[in-house]
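Numbering (the numbering used here), first residue to last: 5 to 280. Data first, discussion second: the structure below is written as structure tokens.
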């Protein structure tokens with residue numbers, strides 16, 4: 005009887021100690037999340053991205069090839085990465101306004117360089133090519149730059165906010181601009197346009213995913229119209245944006261960073277340049 009009473013008291017004391025410890029722990033978590041001075045030590049970073057399979061996608065293992073690169077780098081730096089999937093234009097604007105610390109991958113332009121902290125080390129490289137149907141152009145499409153589109157009398161279809169939209173405008177190219185890549189591919193497949201420009205690997209992936217393997221056999225590509233590096237855009241209006249960009253560049257210049265980037269052979273720093 006005395007032994008049972010002693011056990012009961014011990015269990016009661018243990019329960020009280022557990023509740024006290026739990027309350028204290030919860031209080032610390034709330035203090036860390038609400039104290040601006042302590043947020044600088046927070047190792048979780050929230051990054052805005054959109055759908056661009058197979059490079060970035062919410063439905064792919066580890067969120068796609070470029071997302072895996074991002075995770076490998078920042079986890080090696082000691083950060084926990086959280087991807088927030090939103091439309092690309094929203095990812096851009098909300099990162100610009102400081103809602104998110106960064107967004108990727110983007111080509112560098114004069115406007116982006118002014119709006120964001122752009123690092124010296126790229127995270128990817130894009131090979132942009134024109135996709136067309138050989139059945140409509142049996143002699144192929146001899147095109148090496150966007151300016152050739154008008155010279156050849158081609159009508160392109162494209163996606164709003166993509167890199168070529170401003171280029172078409174500057175060149176005076178009449179293009180059909182739609183809201184998303186699926187609409188663009190279906191527009192092209194219905195022969196309502198002659199050509200569509202897309203990153204080569206992304207283009208072939210989208211063709212099979214959206215139209216099927218048989219439809220993809222009906223397409224060919226031009227020579228690259230541009231091969232350019234792609235970057236992480238760090239927010240100028242987020243309290244950690246500049247610090248995180250500097251940490252990224254420092255890490256990528258280190259032996260560990262160089263070893264990681266050897267996997268995709270883009271290890272050279274550069275000053276991002278305007279597309280103008």
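The C-beta atom is built at its ideal place from N, Cα and C for all residues, glycine as well. Note that this is a predicted model, so its numbers are computed, not measured.
Nearest-angstrom Cα distance between residue i and residue j?
i	j	result
residue 225	residue 78	35 Å
residue 119	residue 258	27 Å
residue 66	residue 152	38 Å
residue 234	residue 196	30 Å
residue 105	residue 210	29 Å
residue 242	residue 179	36 Å
residue 137	residue 260	45 Å
residue 142	residue 220	16 Å
residue 273	residue 256	9 Å
residue 171	residue 250	31 Å
residue 262	residue 75	15 Å
residue 247	residue 156	47 Å
residue 51	residue 185	22 Å
residue 267	residue 96	27 Å
residue 1	residue 154	Here the chain comprises residues numbered 5 to 280, so residue 1 is not present and cannot be evaluated.
Identify which residue in the options has its Cα closest to the Cα of residue i.
i	options	result
residue 240	55, 48, 61 and 107	107
residue 99	121, 136, 84 and 80	121
residue 254	174, 119 and 81	81
residue 64	186, 46, 87 and 49	87
residue 204	198, 232 and 218	232
residue 49	102, 73 and 84	84
residue 166	155, 157 and 113	113
residue 139	248, 95 and 199	199
Does the distance from the CB of residue i to the CB of residue j come in under 7 Å?
i	j	result
residue 129	residue 229	no
residue 135	residue 223	yes
residue 264	residue 126	no
residue 59	residue 47	no
In the DSSP assignment, the beta strand (DSSP E) including residue i goes from what residue to what residue?
i	result
residue 136	128–136
residue 181	180–182
residue 231	230–239
residue 196	Unbroken run through residue 196: none, as it is neither H nor E.
residue 214	Neither: residue 214 is in no beta strand (DSSP E) and is coded neither H nor E.
residue 106	106–111
residue 177	Premise fails: residue 177 is in no beta strand (DSSP E) and is neither H nor E.
Skipping 5 residues on each side, what residues in its chain have a beta carbon closer than 7 Å to that of residue i?
i	result
residue 168	150, 162 and 201
residue 116	110, 122 and 237
residue 148	227 and 229
residue 215	189 and 193
residue 93	165
Spatial neighbours of residue i within its chain, please: CB distance less than 6 Å, with the 5 preceding and 5 following residues excluded, ordered by chain position.
i	result
residue 8	Residue confidence for residue 8 is low, a pLDDT of 45 falling below 50, so the modelled location carries little weight; the figure read from the coordinates is stated next. Here the set comprises nothing.
residue 32	Only weak support is given to the placement of residue 32: the predicted model assigns it a pLDDT of 27, under 50, and the value that follows is read from those uncertain coordinates. Counting only Cβ-Cβ distances below 6 Å, and skipping sequence neighbours, we find nothing.
residue 55	61
residue 159	197 and 198
residue 71	60
Go through its chain and collect everything with a Cβ distance to residue i's Cβ below 8 Å, but skip five positions before and after it.
i	result
residue 182	161, 162, 163, 164, 188 and 191
residue 213	57
Could you give the residue range of the alpha helix (DSSP H) that holds residue i?
i	result
residue 84	No alpha helix (DSSP H) contains residue 84, which is instead part of the beta strand (DSSP E) from 84–89.
residue 116	114–119
residue 251	245–257
residue 206	204–210
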